[in-house]
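Residue numbers (our numbering): 7 to 198.
One structure is given below, encoded as structure tokens.
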């Protein structure tokens with residue numbers, strides 16, 4: 007499968023970015039988190055610089071890196087002691103997958119709790135599965151490629167004027183904010 011990188015222009019001179027390189031996450035135990043990212047999500051451990059003076063691990067797969075940084079005091083930064091509920095509208099990292107049904111069966115086999123959601127738009131359907139890693143970070147697996155990514159300028163979609171009054175600064179993330187708000191408004195069929 008050949009993956010095509012598509013750039014969408016926005017009339018602003020953006021930084022010379024190429025792609026998302028990695029996501030870095032604090033974790034209580036590198037070993038517990040390593041097991042999760044390797045066994046559940048299929049990431050491959052890779053060499054990390056030996057100059058680091060702290061425990062951690064690097065992983066790579068699917069064109070993205072995951073960097074784990076051990077911090078046993080992670081709970082000191084979080085006022086929530088009990089696990090957060092799985093909420094699809096909370097911060098999360100999302101991965102596309104081939105078979106959402108298989109994902110759900112595998113999570114059930116592992117005894118992992120998850121929440122599903124369905125997004126429908128113009129006859130297209132996206133199935134989503136949300137769950138937490140060992141440190142409470144939310145992970146989404148979905149078939150999001152079912153809904154095409156279209157710049158607002160090419161759509162007949164007319165955003166509500168109030169949608170963009172809150173977006174600051176106006177030049178930063180305009181398209182992303184509009185797309186996420188539209189997606190959130192479509193998330194009506196969330197099953198717990």
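Heads up, the beta-carbon is just placed ideally off N, CA and C, and yes, glycines get one too.
Between residue 75 and residue 66, the CB-CB gap reaches or exceeds 8 Å. From the listed residues 160, 154, 140 and 131, the smallest Cα separation to residue 38 is found for 140.
Counting the other Cβ atoms within 10 Å of the Cβ of residue 60 gives fewer than 16, which makes it exposed. Counting along the chain, the unbroken alpha helix (DSSP H) around residue 114 starts and ends at 106–115. Exclusion of the five residues before and after residue 152 leaves 130, 131 and 132 as the residues of its chain whose Cβ lies within less than 7 Å of its Cβ. Comparing alpha carbon positions, the residue from 64, 158 and 50 closest to residue 56 is 64. DSSP, reduced to helix, strand and coil, places residue 120 outside both helices and strands of the structure shown, so it counts as coil. Judged by DSSP secondary structure, residue 39 falls within the alpha helix (DSSP H) whose first and last residues are 36–41. Comparing alpha-carbon positions, the option among 35, 24, 111 and 30 lying closest to residue 135 turns out to be 111. When DSSP reads this structure, residue 19 sits in no beta bridge, so it has no partner. According to the DSSP secondary-structure assignment, residue 131 is paired through a beta bridge with 126. Apart from the 5 residues on each side of it in sequence, residue 49 sits with its Cβ closer than 7 Å to the Cβ of 43, 65, 66, 67 and 72 in its chain, given in chain order.
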